[in-house]
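Visitor: Note that the protein sequences, when read in sequence, are chains A and B. Note that the numbering used here has the first sequence beginning at 647, numbered continuously upward. Note that the numbering used here has the second sequence beginning at 647, numbered continuously upward. Ideal placement from N, C-alpha and C gives every residue a C-beta, glycine not left out. Being a predicted model, the structure only gives us computed values, none of them experimental.
There are 2 protein chains.
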Amino acid sequence: MTATEERPTPMGYGPMNRKEDARFVRGHGTYVDDIVLPGMLHGAVLRSPYAHARILSVDTSAAQAHPKVRAVITGETLAGLNLAWMPTLSHDVQAVLATDKVRFQGQEVAFVIADDRYSARDALELIDVDYEPLPPVVDARKALDADAPVIRDDLEGRTDNHIFDWETGDKTATDDVFGRAEVVAAQDMLYPRVHPAPMETCGAVADLDKITGKLTMYTTTQAPHAHRTVYAMVAGLPEHKIRIISPDIGGGFGNKVGIYPGYVCAIVGSIVTGKPVKWMEDRSENLMSTSFARDYHMRGEIAATREGKILGLRVKVIADHGAFNGTAQPTKFPAGFFGVFTGSYDLEAAHCEVTGVYTNKAPGGVAYACSFRITEAVYLVERLVDVLAYDLGVDPAELRMRNLLRPEQFPYESKTGWEYDSGDYPKALRLALEQVGYEELRAEQAAKRERGELMGIGVSFFTEAVGAGPRKHMDILGLGMADGAELRVHPTGKAVLRLSCQTQGQGHETTFAQIVAEELGISPDDIDVVHGDTDQTPFGLGTYGSRSTPVSGAATAVAARRVRERAKIVASAMLEVSPDDLEWEKGRWFVKGDPSASKTISEIALAAHADLELPEGVEGHLDAACVYNPPNLTYPFGAYVCVVDVDAETGQVKVRKFVAVDDCGVRINPIIVEGQVHGGLADGVGMALMQVMAFDEDGNHLGGSFMDYLLPTSMECPSWELGETVTPSPHHPIGAKGIGESATVGSPAAVVNAVVDALRPHGVRHADMPLTPAAVWRATQGDPIRTDLAIT
Amino acid sequence: MTATEERPTPMGYGPMNRKEDARFVRGHGTYVDDIVLPGMLHGAVLRSPYAHARILSVDTSAAQAHPKVRAVITGETLAGLNLAWMPTLSHDVQAVLATDKVRFQGQEVAFVIADDRYSARDALELIDVDYEPLPPVVDARKALDADAPVIRDDLEGRTDNHIFDWETGDKTATDDVFGRAEVVAAQDMLYPRVHPAPMETCGAVADLDKITGKLTMYTTTQAPHAHRTVYAMVAGLPEHKIRIISPDIGGGFGNKVGIYPGYVCAIVGSIVTGKPVKWMEDRSENLMSTSFARDYHMRGEIAATREGKILGLRVKVIADHGAFNGTAQPTKFPAGFFGVFTGSYDLEAAHCEVTGVYTNKAPGGVAYACSFRITEAVYLVERLVDVLAYDLGVDPAELRMRNLLRPEQFPYESKTGWEYDSGDYPKALRLALEQVGYEELRAEQAAKRERGELMGIGVSFFTEAVGAGPRKHMDILGLGMADGAELRVHPTGKAVLRLSCQTQGQGHETTFAQIVAEELGISPDDIDVVHGDTDQTPFGLGTYGSRSTPVSGAATAVAARRVRERAKIVASAMLEVSPDDLEWEKGRWFVKGDPSASKTISEIALAAHADLELPEGVEGHLDAACVYNPPNLTYPFGAYVCVVDVDAETGQVKVRKFVAVDDCGVRINPIIVEGQVHGGLADGVGMALMQVMAFDEDGNHLGGSFMDYLLPTSMECPSWELGETVTPSPHHPIGAKGIGESATVGSPAAVVNAVVDALRPHGVRHADMPLTPAAVWRATQGDPIRTDLAIT
């Protein structure tokens, strides 16, 4: 299936070309940097060259004397407005512009506003900051050492860099299982710090109308309503006087959930100058200072019988949260969905401890299409299973098949208290193995090993928990996890759907129109989807954690069904029969037993806008809304198989083949689902083989450009081979589970498992990501742990 | 009470400064002509110099060769798009650009689009139209003559200029009453053609995005949603792909209800050029070609006993509808609310016939703050009562007092079948007479007459029927008369209200915020009112016929009450009591018997957005909507007394004093109510004394500028003295009746009655408007009927 085929528009679910692509492929998308307002000024951020330093003075006089500079804002300016510090979304505060100290390289120190962006940049050079360098904490594992410098001395009574301890599971039961296990396999591993590097960097245009007091903020956020509420709570701006507009967004992946200092500076800049102010990161700023992902030092142990029955898991994690505790870090459960670290297996017990620490690195952050830490958890457990297979000498696919949860176990309550909704895991794995030709590949591998050629086959299986909330699992700012959908059918039968979630390129304009189409029989072409504008849409928590379809999709379906029921009553008045005598067929209500007596949705829409005599209590028009509060998460899953060829001499890895069998429940638009999977698989190849945010021992950022921070291209990716199973979520109105993050979550382990499998002739049992040629070569030399990245 | 006083914001109804004035008085309103889009082009309309002529040819080649001209659109261009004719809102069609004939002076013939508006205007001169002049029909009374030229030969089978005959009341009963009446007073009178002349003329910016197919139309309409539906139905544009934005509007008065050819030309211009196209009338174009008002030739008869008990009314009207049948003419009842022509009196029978005819004048049109023809009806009956008083030799105030409906008669079904909702008419008249000092004035008048000085006292009483629908009384395009309101309370307790009605300066942003404030106890300062944007508001028929408060105000109050009920359930969960144990006090729900246990709306709002455990079926957030379908009209009324001094030698009239006692039911903001009354009274003085759209016998328009079409200024107006009674409408959620048109409806008769009263020593029994110095002088010479305006 390709997106370029000509194909008819389905009246509901099915493959259809993306409606939004008409404008995207013709270059007519409108991104924040495309916004030009009359009189608009431009801001630029001065950033710290040090990872840790005391600020002795900031002299802005020369910058202010620049003929094109309109204003220079420092931490001191903001302190006067009580805005020098802002709360993060994770029970912490973050400096908007540093006043006392800088705590990571790239931290925001001053904001220059000038007539054009070149002058603003130039004037940054004219600001004289006197720093007193301090020793930095770079390695999270040393952050709690007694002699480690205290990074967050701004916090009352702080004497160390500890943020939180969090645990899940039953420690006693787990220790007991490990005590009686026949086999225990342990492995230290690192999930390095990476960055989603969306195509579009972050930015904003803030425009405060002094007359009306209204702030209009065009910004690259995935969560416009949450941002509005935060600005209202934090800056004291009245919430009804804030309009957040997220126009087209060039990729998010979690990077665009948080509130960054630049946003606040743009707002203050507009207040100070009385003009609209644009602030737009360059690539280096985005890579250096916005939400990173991962950075987990993990020690995992897996307990099993000699026959390969997995009994338990024991995990310890040191989580590096950077200098401030995360803009997208769930507050109630500090480690978030790492709670489902037990993966897809039938265990007796499991226990996990996570310790979060501050370091002198950019604040995090869990972001990167990760289901809030499930990526790390899946990687950990899928690597451990392979390590166990290595130790036991059994086939890793076979070992998984023995231990996967069985269909009859669903709904399944995990050992950490999460209720998996539905699935047939063995079927998905079987399908993947068949599709890839597993037996033949193993035969080919054996033959190649005879010839000294390195070929590897990696298997991974993942379960995600997506569609956040309900609030028992997540809590941002004390707000709930409900999202709204409002559906309005116009007099002529065309419709508009307003959503609280926001798209960053995932195809919402198509998918959500198809949901309405499926429920009402209005063509998706006749349904506009509106999002990304708080003035035009209902409240909701936005798009992250694959929650658009699970939450907003449910709200949409329910709203459409309410319209359908309302239409039924109007139709009954039009046809002069009781509503009970009507039957629904997609697009029309007809009289039972007399299908020719019917009214289409568009006829009903016109009548509903006319002053038809409606039964008592039924109002006119044909609108309905729903606020959907998910009763549970949804649990997509999948089985991936990766085949690699490795050049032993150069360490070069070639991904030859990749089969991904995903189950995201009901598929609304297979083309979009497959596109999401393609993107996530590329992410997985990138993380496994090349992506890493590295720092030197002074805390200098080593990945500030795409020359240093490598992303996969089509050259590094095979032609993806996709398969599917469909297990609808039983608690979801349309049985959809979400697909946005599945492949990113599931694929890194498959690639790493394949490479390690390839290196088996060299005795390699584990090797840390990213498996660059150098790392692969080193692993063949018995050096699998990335000591070179120990300081990431 | 003045609007400039500093005063606290009331938490509900009461005087408060208008929220919108902060931007208006500082020059920050945004009107259509303030809209500037990138690459925007400018259109200009070529208009017919003839009232009636055949078009032989239109040569646009020279105009198209103009270096700054982008396109020239003619009727032929439009015919190719099937758009040369458009339906009016009154079962008729109107030429967008003339193809066969021109039918009034100023009719649209071609549309030039150029880089700037000066070039567009210049290029109009380059278009060569070959006309064959035809004899015009200018006097409506001659339109049905056998030799009258047929204006609408475009209509199949048309052989005359007749549009409709319409009657109301019981002819037999009325003839019977007249047969046995002791006194019958008859009078011919003219309500001349006038024009509301809003400060802002009509215009639009049309912007069709070829990529998305979306038409964004900034336009000066009072009814954005109805316009959208019409464009969808007529031009075949998909309704969800049309966004109508009415930004700030500089006055409407009905003039901005209709769809004018210029709007359609701007749309076609944007389609043709691929650029945004602005079209903005100049003053002369607005006066010549947009919806006029009145133009009724009326013969009224009033039957009474010798003691002055009024028994019946008999009316014949010739209604001049111009060349096309009205853009704002109700279709179901061609003469609309002229149905309430029986006024405020207790009659035995009444009958009225209206004949509508085509003439070679601009199309109408009932517009001008007239409650759809009630202005003419009130003028007619109030003049007839004075004529009867003249004939009987009784005081006109006394005669009214004897015949007004009595409070115990309400709800009162009129002899033409309209159900008046509530009122105490004698009380209002008594109040007005007391306030003006009626007895003392009569004494003064008597003394002055002794001295040969002309002083007059005029009384009028009016009843309006406003708040259209329900549909049994009105029907536009088969659409109902329901309007929607959507209220959203944000997490921090600030609110936004979205309305289908649209303001033209009446203060909706304040009034509607106060309605919500009254119901919820949120400060009006914390409530934003959104209107005038079909993408942001629910469907509705818009603002006309004083229906904003009666219809949208009711929708708002009901929506707010729904929010209150939803808040009650959330509060009950928060306070852990049953909803039945809660009591409401403005702004909070508290536990009965324990007022300290309470939750404010803002606390409840935050909780409703959190994932609070709500009872089954109660969704999160704190939003509600209402589509209000009025069960009846509301019936504002009032008693007016005008005092004039007349200079017998020059004919100059000076309005010395004017007392207006209005009853519009519950008053939400007295300042705004009084402002509306002030404006309407000035309108009344203008119509009575100076305003007239005159034509010469060739159909040439004689009022194309404010040098010829005179409007009253503060110099012609006295300091208005207002009074009030408050009789809530029993069927309305908040008892409000509407005030927008009352003074325009009620005041012309008071002024004319005063002038005629002043001229009594000269034996004047009636004189037609406008009572210019010349007309007054002529009336003193025994020439009261405006034969000079016979051809209007």
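To test your reading of the DSSP string, which unbroken alpha helix (DSSP H) runs of 4 or more residues are found completely within the segment 869 to 956 of chain B?
Guide: Counting whole runs of 4 or more residues, the segment 869 to 956 of chain B contains the alpha helix (DSSP H) stretches 870 to 881, 907 to 919, 929 to 935.
Visitor: Assuming B:Tyr764 and B:Ile701 are in contact, meaning their beta carbons sit under 8 Å apart, how far apart are those beta carbons, in whole angstroms?
Guide: Incorrect: roughly 27 Å between the Cβ atoms, too far for contact.
Visitor: Are B:Ile797 and B:Asn971 close, meaning C-beta to C-beta below 8 Å?
Guide: For B:Ile797 and B:Asn971, no; Cβs fall outside 8 Å.
Visitor: With 8 Å as the threshold, decide whether the Cβ of B:Cys911 is near any Cβ in chain E.
Guide: This model lacks chain E altogether; the protein chains it does include are A and B.
Visitor: Give, in chain order, every residue of the segment 897 to 931 of chain A whose Cβ lies closer than 9 Å to some Cβ of chain B.
Guide: Against chain B - using a Cβ distance shorter than 9 Å - the segment 897 to 931 of chain A contributes no residues.
Visitor: Is it the case that the Cβ atoms of A:Glu1110 and A:Glu1387 are separated by a distance below 8 Å?
Guide: Yes, the Cβ-Cβ distance between A:Glu1110 and A:Glu1387 is below 8 Å.
Visitor: With burial defined as no fewer than 16 other Cβ atoms inside 10 Å of the residue's Cβ, what is the status of A:Val899: buried or exposed?
Guide: Note that residue 899 of chain A is Phe in the sequence shown here, rather than Val. Buried.
Visitor: Nearest by alpha-carbon distance to B:Leu729: which of B:Arg693, B:Thr867, B:His808, B:Leu883 is it?
Guide: Cα-wise, what sits closest to B:Leu729 is B:Leu883.
Visitor: I'd like the list of long-range same chain contacts for B:Ser916, defined as Cβ closer than 8 Å, with 5 residues on each side in sequence excluded.
Guide: Result list for B:Ser916: Ala852, Asp853, Leu854, Leu861, Pro922, Val923, in chain order.
Visitor: Tell me, please, whether the CB atom of B:Ile857 is closer than 8 Å to any CB atom in chain A?
Guide: Chain A contact via Cβ: present.
Visitor: Consult DSSP for B:Leu1335 and reduce its assignment to one of helix, strand or coil.
Guide: Three-state result, B:Leu1335: helix.
Visitor: Whether or not the segment 1229 to 1238 of chain A and the segment 1097 to 1104 of chain A are in contact is what I'm after, with contact meaning three or more pairs of Cβ atoms, one per stretch, closer than 8 Å; do they touch?
Guide: Touching, no, given that fewer than three Cβ pairs across the two stretches are closer than 8 Å.
Visitor: What residues from the segment 1274 to 1287 of chain B come within 9 Å of chain A, judged by C-beta to C-beta, listed N to C?
Guide: Listed by position, the residues of the segment 1274 to 1287 of chain B near chain A (Cβ gap below 9 Å) are Tyr1274, Asn1275.
Visitor: Could you please give me the residues that DSSP links to A:Lys962 through a beta bridge?
Guide: Answer is A:Arg945, A:Glu999.
Visitor: Find the residues of chain B that neighbour A:Ala668, judging by a C-beta separation of less than 9 Å, and give them in chain order.
Guide: Result: Ile857, Thr858, Gly859.
Visitor: Does B:His1255 have its Cβ less than 8 Å from a Cβ in chain A?
Guide: Yes, B:His1255 lies at the interface with chain A (some Cβ there is under 8 Å from its Cβ).
Visitor: My output table needs one value for B:Leu1034: the three-state DSSP class, helix, strand or coil.
Guide: In this structure, B:Leu1034 counts as helix in the three-state DSSP scheme.
Visitor: How about B:Ala869: is its C-beta nearer than 8 Å to some C-beta of chain A?
Guide: No, no contact with chain A.
Visitor: Does the segment 1167 to 1186 of chain B come into contact with the segment 654 to 661 of chain B, if we say contact requires no fewer than three beta-carbon pairs (one atom in each stretch) closer than 8 Å?
Guide: Yes: the two stretches touch, three or more of their Cβ pairs being nearer than 8 Å.
Visitor: Is the CB of A:Pro980 under 8 Å away from at least one CB in chain B?
Guide: Residue confidence for A:Pro980 is low, a pLDDT of 47 falling below 50, so the modelled location carries little weight; the figure read from the coordinates is stated next. Not an interface residue.
Visitor: Spatial neighbours of A:His1267 within its chain, please: CB distance less than 7 Å, with the 5 preceding and 5 following residues excluded, ordered by chain position.
Guide: Counting only Cβ-Cβ distances below 7 Å, and skipping sequence neighbours, we find Ala1254, His1255.
Visitor: Report yes if the C-beta distance between A:Thr847 and A:Glu927 is below 8 Å; otherwise report no.
Guide: Yes, the Cβ-Cβ distance between A:Thr847 and A:Glu927 is below 8 Å.
Visitor: On the CB-based measure, 16 or more other CB atoms within 10 Å of its CB, does B:Phe1341 come out buried or exposed?
Guide: Label assigned to B:Phe1341: buried.
Visitor: On a CA-only basis, which of B:Ala1270, B:Gln1148, B:Lys856 is nearest A:Arg672? Give me that one, please.
Guide: Here the closest residue by C-alpha is B:Lys856.
Visitor: Rounded to whole angstroms, how far is the Cβ of B:Gln1152 from the Cβ of B:His1177, which I believe are closer than 8 Å?
Guide: Between B:His1177 and B:Gln1152 the Cβ distance is about 11 Å, and since that is not below 8 Å, they are no contact.
Visitor: Determine which residues of the segment 1202 to 1218 of chain B have a Cβ less than 7 Å from any Cβ of chain A, and write them out in chain order.
Guide: Cβ contacts with chain A: none found.
Visitor: Between the C-alpha atoms of B:Lys714 and B:Leu772, what's the straight-line distance to the nearest angstrom?
Guide: B:Lys714 and B:Leu772: Cα-Cα distance of roughly 13 Å.
Visitor: Residues of chain A with CB closer than 7 Å to the CB of B:Met879, please, in chain order.
Guide: Residues of chain A passing the Cβ test: Thr1138.
Visitor: B:Leu1228 and B:Ser1242: beta carbons closer than 8 Å?
Guide: Not closer than 8 Å, so no.
Visitor: Could you give the uninterrupted runs of the beta strand (DSSP E) lying entirely in the segment 1126 to 1196 of chain A, keeping only those of 3 residues or more?
Guide: For the segment 1126 to 1196 of chain A, whole beta strand (DSSP E) runs of length 3 or above, ordered along the chain, are 1129 to 1135, 1141 to 1145, 1173 to 1176.
Visitor: Hey, is A:Arg664's beta-carbon within less than 8 Å of any beta-carbon in chain B?
Guide: Cβ-Cβ to chain B under 8 Å: no for A:Arg664.
Visitor: Kindly indicate the opening and closing residues of the alpha helix (DSSP H) around A:Met1047.
Guide: Note, A:Met1047: alpha helix (DSSP H), 1042 to 1049.
Visitor: Tell me which same chain residues have a C-beta within less than 7 Å of the C-beta of A:Ala1420, skipping the five on either side of it?
Guide: Same-chain partners within the cutoff: Gly1297.
Visitor: Since A:His688 is in the beta strand (DSSP E), which residue starts that stretch and which ends it?
Guide: Here the beta strand (DSSP E) through A:His688 covers 687 to 693.
Visitor: With 7 Å as the C-beta to C-beta threshold (strictly closer), list the residues of the segment 722 to 752 of chain B near chain A in chain order.
Guide: Listed by position along the chain: nothing, the set is empty.
Visitor: Are A:Thr1246 and A:Asp1309 closer than 8 Å when you measure CB to CB?
Guide: Cβ atoms of A:Thr1246 and A:Asp1309: not closer than 8 Å.
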